[in-house]
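All remarks here apply to the structure that follows.
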Ligand SMILES: Cc1cc2nc3c(=O)[nH]c(=O)nc-3n(C[C@H](O)[C@H](O)[C@H](O)COP(=O)(O)O)c2cc1C
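In this note's numbering, the protein residues as written are 1404 to 1780.
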């Protein structure tokens, strides 16, 4: 790490003065019961804030619509869970941090017969679920807004709209899953981004100008690592411009490895392209401090090795080149809550490397994802 690392310079995000550039991304941790975070989830978040992470994004929470998830251990963000989420927000604030709550609908990534997707598909060649009607879209959009209103009421700094990894809103973005011909799908990215953008505008209208709205998206899908929402920079520019105009404050660009160039003839990663094309702050993510990506952890069940000095040097160079503003650290922060303070004190060698066993009792149904990987192998 350089003497004055750019990773430890302050950054103003909306109304938040963040003392450094680290963020903890949303990660389901299996610590919810009946959709309610247990006290141990609040303690887990607070511990990362104590460890120097100024911005914590809560695990994906099903929005206030009955179709939002079929996963039994998932969190929900509804009137029935508001007090349990308030406990998390308060615990993080008391530890000196701030929270965004992640709003999620899993769409067709489920096996229970109630899967909804833009045009009845989750992956080319695989029928899964049925196409959503405009009435269902309206009701689900209202569910996102109700959950955002709850986040604001309990003191969260904002929300993150989950538009990544192949779940419902990403199924709208992705041409492989969205063949609608009613202005919400088809070959034009402007049509495919319309539903997510309408949800963002509705949250902005409801929650006011000071409420942070992050939108997380990815080119890759859990069911298809090579998928692309935006085929080229021009499509990406069209998409992020519409999202910015809808009221997004920060774009969280999910990649499996932050050091990979998004397009071959330029070294910028996805966050770098998005920042250049949108003018908005961006968050980068993907295997910070580790040598294998998150899907290797899930599907192969292997343990990564530490990769800290190379990662920090590369993050610093890219941050100084203006590619992104914030860096999300996932598994490495599960492995060691003091990841950031140990870096700050110049002792990266003391960081405990993430092990898959650190995931503890998390029971996450990856059967739909694994089925598609088998079918397309
Ligand atoms: C246990 C676990 C649960 C996750 N749950 C979510 C989630 O709820 N929402 C989400 O957007 N990403 C989720 N992710 C992805 C992470 O936010 C992050 O993008 C990914 O782990 C890559 O970062 P890393 O390589 O630093 O771990 C999860 C990852 C892990 C390891």
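C-beta: ideal position from N, C-alpha, C; glycine also.
Can you have a look at residue i and say buried or exposed, based on whether 16 or more other CB atoms are within 10 angstroms of its CB?
i: residue 1536; result: exposed
i: residue 1628; result: exposed
i: residue 1586; result: exposed
i: residue 1702; result: exposed
i: residue 1415; result: exposed
i: residue 1437; result: exposed
i: residue 1681; result: buried
i: residue 1568; result: buried
i: residue 1440; result: buried
At a cut-off of 7 Å, would you count residue i as near ligand 2, judging by its Cβ distance to the nearest heavy atom?
i: residue 1708; result: For the structure depicted, ligand 2 is absent and the ligand set comprises only ligand 1.
Got a sec? Which residues, its chain only, sit under 6 Å from residue i by beta carbon, not counting five neighbours each side?
i: residue 1632; result: 1576, 1577, 1622
i: residue 1604; result: 1649, 1650
i: residue 1449; result: 1494, 1495, 1498
i: residue 1467; result: 1481, 1546, 1549, 1550
i: residue 1597; result: 1587
i: residue 1670; result: 1664
i: residue 1417; result: 1615, 1652
Please name the residue or residues paired with residue i in a DSSP beta bridge.
i: residue 1434; result: According to DSSP, residue 1434 bridges with nothing at all.
i: residue 1616; result: 1562
i: residue 1414; result: 1421
i: residue 1427; result: 1459
i: residue 1687; result: 1656, 1730
i: residue 1568; result: 1624
i: residue 1442; result: Residue 1442 is not bridged to any residue.
i: residue 1504; result: 1562
i: residue 1465; result: 1479, 1507
i: residue 1693; result: 1709
Our contact map puts residue i next to residue j with C-beta atoms below 8 Å; I'd like the distance itself, whole angstroms only.
i: residue 1557; j: residue 1488; result: 6 Å
i: residue 1792; j: residue 1554; result: Within the shown structure, residues of the chain are numbered from 1404 to 1780, placing residue 1792 beyond reach of any answer.
i: residue 1485; j: residue 1477; result: That pair is no contact at about 16 Å.
i: residue 1522; j: residue 1583; result: 5 Å
i: residue 1662; j: residue 1717; result: 5 Å
i: residue 1601; j: residue 1544; result: 6 Å
Among the options, whose alpha-carbon lies nearest the alpha-carbon of residue i?
i: residue 1620; options: 1553, 1540, 1673, 1735; result: 1673
i: residue 1430; options: 1755, 1657, 1692; result: 1657
i: residue 1733; options: 1670, 1759, 1486; result: 1759
i: residue 1460; options: 1680, 1505, 1472, 1417; result: 1505
i: residue 1607; options: 1424, 1652, 1446; result: 1652
i: residue 1645; options: 1552, 1593, 1417, 1611; result: 1593
i: residue 1735; options: 1601, 1434, 1451; result: 1451
i: residue 1700; options: 1625, 1425, 1726; result: 1625
i: residue 1676; options: 1746, 1516, 1654, 1601; result: 1654
i: residue 1693; options: 1667, 1731, 1721, 1635; result: 1731
Skipping 5 residues on each side, what residues in its chain have a beta carbon closer than 7 Å to that of residue i?
i: residue 1560; result: 1419, 1501, 1502, 1503, 1615
i: residue 1723; result: 1409
i: residue 1738; result: 1755, 1756, 1757, 1758, 1761
i: residue 1422; result: 1413, 1457
i: residue 1630; result: 1577, 1579, 1622, 1623, 1624
i: residue 1747; result: 1411, 1455
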